[in-house]
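See below for the structure under consideration.
In the numbering used here, the protein residues as written are 462 to 767.
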């Protein structure tokens, strides 16, 4: 996708974090925007700010777990702007702890947003783009699915999140191959950020009632939450920088997008073990102090999150 001006971008999770920065750049490039989020106040504020900058914007509350709400988002985009050219399946949440301690509600929530949200976006918006391409030989489209470095690695005490993001990587690679198979003028990228200072570590603040945490967090969930909070808040690459990297990758037709290329050393070690058939390598081999700190916190945590 080489040109952005006057094209239409749909962004889930568009009211904050990476989504908000995608919106900023899209507006700067002269795109028309469709923002979706579950945070009504943040969505209203983002919409007002972008309109204040002269952008053409509509917004809609959308729980991406629900296919009918994603369909309504697509319908609103087409009704307002006629087509969709760029889709960011960006909405995401996180949950941590030892994998056997995650409840059914934990799995339903994280998989619902991180995986089913992307599934709904792909199955609904890809068809819209293909229909638009059939009517316009000059059509250019692109889909960006936000995964994570956790979609390429498997750190302990992050099982639900790891599983969800690996699924997004797999879905995205398959989407790429399928679009290539039919010769569609639609590009695909998978964004795999590492620790970037956004609100992802506090996503439980928007956890819906139907998948609420029914009991207090376990020691491992408390420990993993504390360490994730610290890692995310101390990230040196900003959401704005990641958004800039992403838009450049879209223009270049780049599939894999990384915020922290240095983290790929761990991915390489893991894949080498897969090929060799050896046991998974220690993700903390280079930083054993982090492993020991996590173990100590799991063993020592005793009070629930505030």
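Note that CB positions come from ideal geometry on N, CA and C, so glycine has one too.
All figures in this text were calculated on a predicted structure; none of them were measured in a lab.
In angstroms, rounded to a whole number, what distance separates the CA positions of residue i and residue j?
| i | j | result |
| --- | --- | --- |
| residue 560 | residue 542 | 44 Å |
| residue 668 | residue 481 | 20 Å |
| residue 413 | residue 612 | In the structure as shown, the chain begins at 462 and stops at 767. Residue 413 is therefore absent and cannot be evaluated. |
| residue 738 | residue 484 | 43 Å |
| residue 747 | residue 512 | 47 Å |
| residue 508 | residue 666 | 21 Å |
| residue 734 | residue 630 | 19 Å |
| residue 789 | residue 523 | The structure shown does not extend to residue 789, since the chain spans only 462 to 767, so no value can be given for it. |
Can you tell me whether residue i is helix, strand or coil according to DSSP?
| i | result |
| --- | --- |
| residue 492 | coil |
| residue 667 | helix |
| residue 603 | strand |
| residue 637 | helix |
| residue 652 | strand |
| residue 521 | strand |
Give me, in chain order, the residues of the same chain whose beta-carbon lies closer than 6 Å to that of residue i; leave out the 5 immediate sequence neighbours on both sides.
| i | result |
| --- | --- |
| residue 521 | 497, 534 and 537 |
| residue 546 | 468, 469 and 602 |
| residue 585 | 531, 532 and 535 |
| residue 567 | 556 and 621 |
| residue 718 | 650, 652, 707 and 710 |
| residue 627 | 612 |
| residue 486 | 704 and 708 |
Taking 8 Å as the cut-off, decide whether the C-beta atoms of residue i and residue j are in contact.
| i | j | result |
| --- | --- | --- |
| residue 651 | residue 549 | no |
| residue 476 | residue 504 | yes |
| residue 707 | residue 478 | no |
| residue 562 | residue 686 | no |
| residue 793 | residue 755 | Because the chain is modelled from 462 through 767, residue 793 falls outside the range shown and cannot be assessed. |
| residue 552 | residue 677 | no |
| residue 609 | residue 571 | no |
| residue 554 | residue 664 | yes |
Cutting at 7 Å between CB atoms, please list the residues of its own chain near residue i, excluding the five before and the five after it.
| i | result |
| --- | --- |
| residue 600 | 593, 594 and 646 |
| residue 640 | 647 and 649 |
For residue i, collect the residues of the same chain with a Cβ closer than 8 Å to its Cβ; drop the 5 residues on either side in sequence, then sort them by chain order.
| i | result |
| --- | --- |
| residue 466 | 490, 491 and 492 |
| residue 583 | 550, 604, 606, 632 and 636 |
**Prompt:** Are the stretch 630–648 and the stretch 663–676 touching, with three or more C-beta to C-beta distances below 8 Å?
**Reply:** no
**Asked** So does the stretch 696–703 actually touch the stretch 572–587, counting three or more Cβ pairs closer than 8 Å?
**Response** no
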